[in-house]
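Structure, as structure tokens:
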Amino acid sequence: MLSALNLISQNLNAYLILSGLLFAIGAFGFLARRNAIAMLMSIELMLNAVNLAFIAFGAFLWAANPAQAATASTIALIVIASAAAEATVGLAIVIAIYRNRKTPLVDEYDAMKR
Amino acid sequence: MTLPETIPFLGFGWNDLLFMVLGAVMVIAALAVVLQRDIIRSGLAMIICFAALAGIYVIAGTPVVAAAQVLVYIGAISVLVLFAIMLTQSKAGPRALVFQTQAVPAAIAAVILALLIGLSVLATNWPAQVATQIAYAKDIAFVLLQQFTLPFEVVSVLLLAAVVGGVFLAKRERGGGD
Chain A
1 MLSALNLISQ NLNAYLILSG LLFAIGAFGF LARRNAIAML MSIELMLNAV NLAFIAFGAF
61 LWAANPAQAA TASTIALIVI ASAAAEATVG LAIVIAIYRN RKTPLVDEYD AMKR
Chain B
1001 MTLPETIPFL GFGWNDLLFM VLGAVMVIAA LAVVLQRDII RSGLAMIICF AALAGIYVIA
1061 GTPVVAAAQV LVYIGAISVL VLFAIMLTQS KAGPRALVFQ TQAVPAAIAA VILALLIGLS
1121 VLATNWPAQV ATQIAYAKDI AFVLLQQFTL PFEVVSVLLL AAVVGGVFLA KRERGGGD
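The listed protein sequences derive, respectively, from chains A and B. Numbering follows our numbering, in which position 112 of the first sequence is assigned residue number 112; successive positions increment by one, without gaps. Count along the second sequence from 1, then add 1000; that gives the number in our numbering.
Dropping the structure here:
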């Protein structure tokens, strides 16, 4: 029965379903958390899910040609660099707002509503 | 001594065991990130999630991306997030209310999203799959510096702009804002 799990690490569907799970968890965290830093962490989770999908496609669909497998890795590296830039600016904005409003909770950021 | 091809009594290989364990750790840690009440524990669970994901990258045959994941996510972004948590953590605020009022619709939407992705993955007829090959740093260097030269340079400018912008946004303003 358990031998159905043989070669699951060589199966594209397993990677993509794992990636989808991670993306859904990140989307839930982004929509549901009140803390701005928790929302940023959820964005990081979603970016990682997309990266995992890139890596899986690169490893399985293009693997006949090593240069194309390297293309997926290159895209993933560029996504990682963009995520680092996004985290820097996002956390700086959160800290700047915190300095004015003294709270990290996003539903109390109502300066544009008043 | 060499290990047998498949694990005795279980019938699947060592890579598969590693993949399942790392995937379970990753999903549980990601759930802990979004469900944990204490935000500093969310930050620590995020580190575990990224580490497990780096292991999955190694299984998928991309050790360079795994190394970048460890360096950038675990080494830089997690430390940045933990610093931001410690800067904005206030004992005065209510810590019990971690979720917005739309948490239940968000949970339903997330479950539907996961189901949709899973179903569409299973329903798609992917082209013939070959076993994973390792993407070596040499191949990545050729692709990065020949085909992807423009994105490479744009990313370097983006990082510079992000660093300058981050310092400017987070720096304390002196003598009242102007």
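Just so you know, even glycine gets a beta-carbon here, dropped at the ideal spot from N, CA and C.
Checking contacts by CB at 8 Å: is residue i closer than that to chain B?
i, result
"residue 17 of chain A", "yes"
"residue 76 of chain A", "yes"
"residue 94 of chain A", "yes"
"residue 121 of chain A", "Because chain A spans 1 through 114 in this model, residue 121 of chain A falls outside it and cannot be assessed."
"residue 43 of chain A", "no"
"residue 91 of chain A", "yes"
"residue 107 of chain A", "yes"
"residue 111 of chain A", "no"
"residue 7 of chain A", "yes"
How many whole angstroms separate the CB atoms of residue i and residue j, which I take to be in contact at a CB cut-off of 8 Å?
i, j, result
"residue 1072 of chain B", "residue 13 of chain A", "Going by Cβ atoms, the distance from residue 1072 of chain B to residue 13 of chain A rounds to 28 Å, so no, they are not a contact pair."
"residue 70 of chain A", "residue 59 of chain A", "That belief does not hold up - the Cβ atoms of residue 70 of chain A and residue 59 of chain A are roughly 11 Å apart, past 8 Å."
"residue 52 of chain A", "residue 77 of chain A", "In fact, because the Cβ distance is near 14 Å, the residues do not count as touching under 8 Å."
"residue 61 of chain A", "residue 1023 of chain B", "Incorrect: roughly 20 Å between the Cβ atoms, too far for contact."
"residue 1084 of chain B", "residue 32 of chain A", "With a Cβ gap of about 20 Å, residue 1084 of chain B and residue 32 of chain A do not count as contacting."
"residue 56 of chain A", "residue 1060 of chain B", "6 Å"
"residue 1170 of chain B", "residue 92 of chain A", "4 Å"
"residue 89 of chain A", "residue 1166 of chain B", "6 Å"
"residue 45 of chain A", "residue 1030 of chain B", "6 Å"
"residue 27 of chain A", "residue 94 of chain A", "About 20 Å; that fails the 8 Å criterion."
"residue 1110 of chain B", "residue 87 of chain A", "Rounded, the Cβ-Cβ distance is 22 Å, inconsistent with contact."
"residue 48 of chain A", "residue 1053 of chain B", "6 Å"
"residue 81 of chain A", "residue 1155 of chain B", "5 Å"
So if DSSP puts residue i in a beta bridge, which residue, or which two residues, is it bridged to?
i, result
"residue 33 of chain A", "B:1099"
"residue 90 of chain A", "DSSP, once it has assigned bridges, lists no residue as partnering residue 90 of chain A."
"residue 1006 of chain B", "B:1013"
"residue 105 of chain A", "A:35"
Would a check of beta-carbon distances place residue i closer than 8 Å to chain A?
i, result
"residue 1015 of chain B", "yes"
"residue 1127 of chain B", "yes"
"residue 1051 of chain B", "no"
"residue 1055 of chain B", "no"
"residue 1058 of chain B", "no"
"residue 1113 of chain B", "yes"
"residue 1079 of chain B", "no"
"residue 1026 of chain B", "yes"
"residue 1064 of chain B", "yes"
"residue 1107 of chain B", "yes"
"residue 1031 of chain B", "yes"
"residue 1021 of chain B", "no"
"residue 1070 of chain B", "no"
"residue 1178 of chain B", "Note on residue 1178 of chain B: pLDDT 42, under 50, position unreliable in the model; the coordinate value appears next. Residue 1178 of chain B does not count as touching chain A."
"residue 1003 of chain B", "no"
"residue 1075 of chain B", "no"
"residue 1135 of chain B", "yes"
"residue 1110 of chain B", "yes"
"residue 1067 of chain B", "no"
"residue 1123 of chain B", "no"
"residue 1098 of chain B", "yes"
Whole alpha helix (DSSP H) elements within the region 1042-1067 of chain B, 4-residue minimum: none
Complete alpha helix (DSSP H) runs within the region 1101-1142 of chain B (minimum length 4 residues, chain order): 1103-1123 and 1137-1142
Chain A contacts made by the region 1142-1160 of chain B, where a contact means CB separation under 8 Å: 1142, 1143, 1144, 1147, 1148, 1151, 1152, 1155, 1158 and 1159
Proximal residues, the region 17-34 of chain A versus chain B, C-beta separation under 9 Å: 17, 18, 19, 20, 21, 22, 23, 24, 25, 26, 27, 28, 29, 30, 31, 32, 33 and 34
Contact set between the region 1033-1051 of chain B and chain A, restricted to residues whose Cβ is under 8 Å from the partner: 1033, 1034, 1039, 1042, 1043, 1046, 1049 and 1050
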